[in-house]
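>
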Amino acid sequence: MLVEARLVEVLEAFQDMGSHEFRVGIVRDMQLLMNADRLLPIADHNMARDHLRAIAGYAYGEGGQEARLALLAALEHARPDEKAVERLRDLLAVRES
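Residue numbers (our numbering): 4 to 100.
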C-alpha cells in the first residue's frame, strides 16, 4: 500500500529510528497512549525497515486512526524538535491547535 510506504519513509527520517531500543520504546508509548491492555500486534524486527513496515502496517490496518495518532503523539514527545515530526503531521493531516 502506497500510504504505508510513505509512512515508512517519514519514520526513517527520524534520527534514532535505526535504534531497535528507540523503536520498541515508541511502540510501548503507543500502547500506553492507546490504553491497550495487551501488547500491540506489531511484529518486532531487528532490521529497522522491517520493523517500521510492521508499525506502518498496524497503523493503517488493525490499529487505525487511533494508532496513527498514538504514533504521532509518541514521536512528538520523544523528538519534538525533529523536522520529521512536521512531515509526519503532514502525512497524517494533523495540525497543531
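Just so you know, even glycine gets a beta-carbon here, dropped at the ideal spot from N, CA and C.
(1) State buried or exposed for G66, treating a residue as buried only when at least 16 other CB atoms are found within 10 Å of its CB.
(2) Do you know how far the Cα of E85 is from the Cα of G21?
(3) Can you tell me where the alpha helix (DSSP H) with G60 in it begins and where it stops?
(4) Compare the beta carbon distance of Y63 and E12 with 8 Å and say whether it is the shorter of the two.
(5) Taking C-beta to C-beta, are R31 and H54 nearer than 8 Å?
(6) Short of 7 Å in beta carbon distance, which residues of its chain neighbour F17, apart from the five on each side in sequence? Order them along the chain.
(7) CB L75 to CB R9, shorter than 8 Å?
(8) Leaving out five residues before and five after M37 in sequence, what residues of the same chain have Cβ atoms less than 7 Å from its Cβ?
(9) Shortest alpha-carbon distance to E15 belongs to which of R56, G60, G28, R92?
The structure says:
(1) By the 10 Å Cβ count, G66 comes out buried.
(2) 15 Å
(3) 51-62
(4) no
(5) no
(6) Same-chain partners within the cutoff: L78, R82, E85, A87.
(7) No Cβ-Cβ contact shorter than 8 Å links L75 with R9.
(8) E69, A70, A73
(9) R56
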